[in-house]
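Residues -31 to -1, 1 to 654, numbered by mature numbering (1 follows the signal peptide of the UniProt record, and there is no 0), are exactly what the sequence shown covers, in order.
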Amino acid sequence: MKLSSVFSASLLLHDLILLLCVVSVPLPSMADGTVDRLALESFKSMVSDPLGALASWNRTNHVCRWQGVRCGRRHPDRVTALRLLSSGLVGRIPPHVANLTFLQVLRLRDNNFHGQIPPELGRLSRLQGLDLSLNYLEGPIPATLIRCSNLRQVSVRSNLLTGEIPRDVGLLSKMLVFNLAQNNLTGSIPSSLGNMTSLFALFLQSNTLEGSIPESIGNLKSLQLLQIAYNRLSGAIPSSLYNLSSMSIFSVGSNLLEGTLPANMFDTLPSLEMLLMNNNHFQGHIPASLSNASYMGDIELSVNYFTGTVPSHLENLRRLYFINLSDNQLEATDSSDWEFLASLTNCSLLHVLVLGTNNFGGMLPTSLANFSSSLNTMTLESNHISGTIPTGIGNLFNLTTLSLSDNHLTGLIPPTIGGLRNLHGLGLSGNRLTGQIPDSIGNLTELNLIYLQDNDLGGRIPESIGNCRRVEEMDLSHNKLSGQIPMQLYSISSLSTYLNLSNNLLNGTLPLQVGNLRNLGALVLAHNKLSGDIPTTLGQCQSLEYLYLHDNSFQGSIPQSLSNLRGLSELDLSNNNISGNIPEFLADLLALQHLNLSYNDLEGNVPNDGVFRNITAFSVIGNNKLCGGNQGLHLPPCHIHSGRKHKSLALEVVIPVISVVLCANMPWEAKSLLMEIYTAMGFFC
C-alpha cells in the first residue's frame, strides 16, 4: 500500500473518531489515553483561546505535559485533572470533556464560558471536584450530576444559572463543599441536603431561593460554614440548626426570616466566629448567652426588631472585631444599661462599633474614652442620647468615622476632638450643640466628610478649617454662625460633593476666590446676610450642578460667566436685589431643570427657550419690570420697536429747532417750499 493511501486512511479514521467524540460516545477500547487526547483536542477546537493558554496542546508534547492537564499515577496515560483557571477561554464547555472517564478534578473557574453546563458531565463517575465558578453559564443545574456519586466539592458560584436546585442533590452523600452562590436559582432549599452528612460548607447566598430552611439541615453535624444570605427565605430558623456545635460561620442575613433567638443560642453554638442575621424580621431580646461567645469575631444583627437592652459583660469576646446592632429597637435609659459599652472596651481587637438608629437614651458613659486604639468606627446616630460629648473622646486617635448625629446632645464640641487626627468622617448634626466650632478642628487634616448642621453653633467659622484640605462634603447649615466666610475655606480644592453654609447669619461679600472651588458640585449659601455682586469667578466652578444663593442681599446683574456652567441643573437667586435683564444664556443651559429668579429687580424680556419653555420649571414672580416670555406668566408684551420710537421723538425735538434757524436766513421762495414739506410732516416753520 502506498504511503499516501495509509495517510488518507489514518485521516479518515481520525475524522471518524472525532465524529464519535462529538456525539459523546465513550471509546473504552482505545488504549494509551488516545480517547483522552482526542477529547482534549476536541475541547481545544471548540473554544476560543485569545491568551494562548492552550498553546502547548499539540502533538509534539505528550498529553500529560499539556498546560493544565494532569495524569494519574496508577494510569499514567489517563487524564485525571483538568485545571484551566483564569485562562481567558471563551465559548461553551464542550461535552467532549465527558470522555475523560478517569477525570477526578475539573476546574474551569474564571473564564468566559457561556451556555449550559453539559449534562454529559454526569458520566464522570470518578469526578471528585468540579469548579465552574466565575463564568457566564446559564440554564439549570443538570440533574445528571447526581450520578457523580464521588463528588466532594462543587462550585458553580457567580454564574447566571436559573431553575431549582435538583431535588435529589442529597444523593451526593460524600459532599464536603457545595457552592451555588451568586446565581439566579429559584425554588426552595431541598430537604435532601440533610443527607450530605459529611458537608463542611454550604454556600447558597445571593440567589432567589424562597420558602423555609429545611429542618434536615440540622443533620449536618460537620457543618461549619452556612451561607444562605441574600435570598427570600422565610419563617423561623429550625431549632435543630442551633445544635450544630461545629458551626463557625452562620450567615442568614437579608432574607425574610422571623422569630426569636434561643436564650442558650451561644452556649449550643460555642464555635461561632461570625454571626450574620441582619435585614430580617427577628425580634425579642439578644440572648444573654452572647457573653459566652468567646470565639466571636463579627456580629451583624442590624435592621431587625430586637428589643430590650444589650447584654452586659461582653468582655469575654476578646476576638470581637465588628459589631453592628443598628436599626433595631434596643434601649438604654440609665448608666446600668450602658454597661455593655464599658465591657466592650476590654475587646482590644474591636475595630467597628455600630449602634445607630435605636432607642438608646441617657448620657454617654465616660468609659467611651477607654476603647482601645484599634477602634476605627463608632456610630451612635439617630438615638435619644442626651448630655455632653465626653471630652475623653479625643483619646480614640485611630477613629476614622465618628457619628453622633440626630441625638439630644448639648454643650460644646470638645476641643479635644482635635486629637482624632485620623478621622475621615465626622457627624455631629441634628443635636443641640452650642458654642463655637473649636479651632482644633483644623487638626483633622484627613477629614473627607464634616456634618455639623442643625445645631445652635455660633460665632465665626474658624480659619483653621482651611487645614482640612481633603474635605469633599461640608455641611454647617442651620446654625447661628456669623461673620464672614473665612478666606481659607475657598482654598479647599478637594470640596467636590457640596458645601452647605445656608441658614446662618453669615455676612460680607462672596469673594472672587470662590472660583477656586473648581470641583464643587453644589454650593448652598442661601438664607444668610451676604451682599455685594455675584462674583464672576463662579463661572470657573464648571462642576457645579446646584447653585443656591437665594435669600441674601446680593446685587448687581447676573454675571455672564455663569454661561460656562454647562452642567448646572438648579439655580436659585431669588429674594435678593439683583437687577438688569435676564440673560439669554440661561435659556441655552441645556442641563438646567429648575430656575428661581423671583423677588429681585430684574427687568426686560423673559426668554422663551430652554428652561423657560416649562412654566413649572422656573419662577420670576416679584420682578415688576419684566415683560414678554411664556404666556403662562401673564406678563405685558414687550415694546419691540421702542428704539425706533425714541428716534422719532428725537426728530420731533431736533428738526423744529433746526428749522427755526434755517427759516430765519432763507429766501422767501425757499421758505415757502420748506414750510409745505414741514406742514406735511407735522412741523411748522
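Ideal Cβ placement from N, Cα and C applies to all residues, glycine included.
- Cβ-Cβ separation between residue 188 and residue 166: approximately 6 angstroms, consistent with a contact (criterion under 8 angstroms).
- Contact between the stretch 274 to 291 and the stretch 304 to 319 is established, with three or more Cβ pairs separated by less than 8 angstroms.
- Put simply, the stretch 543 to 559 touches the stretch 567 to 585. At least three CB pairs are less than 8 angstroms apart.
- For the pair residue 437 and residue 553, the Cα-to-Cα distance works out to about 39 angstroms.
- A straight-line Cα-Cα distance of about 27 angstroms links residue 427 and residue 325.
- Here residue 249 really is in contact with residue 227; their C-beta atoms are around 7 angstroms apart, less than 8 angstroms.
- In the structure shown, residue 284 adopts coil according to DSSP, grouped into three states.
- For residue 227, there is no enclosing alpha helix (DSSP H); the residue is part of the beta strand (DSSP E) that begins and ends at 225 to 228.
- Looking at 242, 136, 40, 293, the one whose alpha-carbon comes closest to that of residue 261 is 242.
- The straight-line gap separating the alpha-carbon atoms of residue 397 and residue 421 is approximately 5 angstroms.
- A check of alpha carbon separations from residue 457 across 471, 481, 473 identifies 481 as the nearest.
- In this structure, residue 369 places its C-beta atom within 8 angstroms of the C-beta atom of residue 393.
- Excluding its 5 nearest sequence neighbours in each direction, residue 328 has C-beta neighbours in its own chain below 6 angstroms: 298, 300, listed in chain order.
- Counting only residues of its own chain and dropping the five nearest sequence neighbours on each side, residue 54 has a CB closer than 7 angstroms to the CB of 76, 78, 79.
- Less than 8 angstroms separates the beta-carbon of residue 492 from that of residue 513.
- Taking a C-beta distance under 8 angstroms as the contact criterion, residue 123 and residue 99 qualify as a contact pair.
- Leaving aside the five residues that flank residue 5 on each side, the residues in its chain whose CB is nearer than 7 angstroms to its CB run, in chain order, 32, 47, 48, 69.
- In the displayed model, residue 332 falls within a strand according to three-state DSSP.
- Shortest Cα-Cα distance from residue 51 to any of 583, 334, 9, 201 involves 9.
- Of all alpha-carbon atoms in 231, 483, 159, 87, the one lying nearest the alpha-carbon of residue 502 is that of 483.
- A Cβ-Cβ contact shorter than 8 angstroms links residue 356 with residue 332.
- Relative to residue 548, the option among 119, 494, 527, 443 whose CA is nearest is 527.
- Between the C-alpha atoms of residue 26 and residue 81 there is a straight-line separation of about 19 angstroms.
- With a cutoff of 8 angstroms on beta-carbon distance, residue 72 and residue 93 are scored as near each other.
- A Cβ-Cβ separation of about 11 angstroms leaves residue 375 out of contact with residue 401 under the 8 angstroms criterion.
- Residue 506 counts as buried, since at least 16 other C-beta atoms from the protein chains shown sit within 10 angstroms of its C-beta.
- For residue 106, the secondary structure class from DSSP, reduced to helix, strand or coil, is strand.
- For residue 39, the enclosing beta strand (DSSP E) stretches over residues 38 to 40.
- Only buried fits residue 40, as 16 or more other CB atoms lie within 10 angstroms of its CB.
- The closest CA to that of residue 568, considering only 495, 586, 546, is found on 546.
- In the same chain as residue 533, and ignoring 5 residues on each side of it, the C-beta atoms closer than 8 angstroms to its own belong to 508, 509, 511, in chain order.
- Within the same chain, 256 come within 6 angstroms of residue 232 by CB-CB distance, once the 5 residues on both sides are set aside.
- Counting only runs of 3+ residues, the beta strand (DSSP E) found wholly inside the stretch 66 to 90 occupies 74 to 76, 81 to 84, in chain order.
- Excluding the 5 residues flanking it on each side, residue 446 has same chain C-beta neighbours closer than 8 angstroms at 422, 423, 469, 470, 471, 472, 473, 493, in chain order.
- For residue 515, the pairing in a beta bridge is given by DSSP as 491, 539.
- DSSP places residue 95 outside both helix and strand once states are collapsed to three, so it counts as coil.
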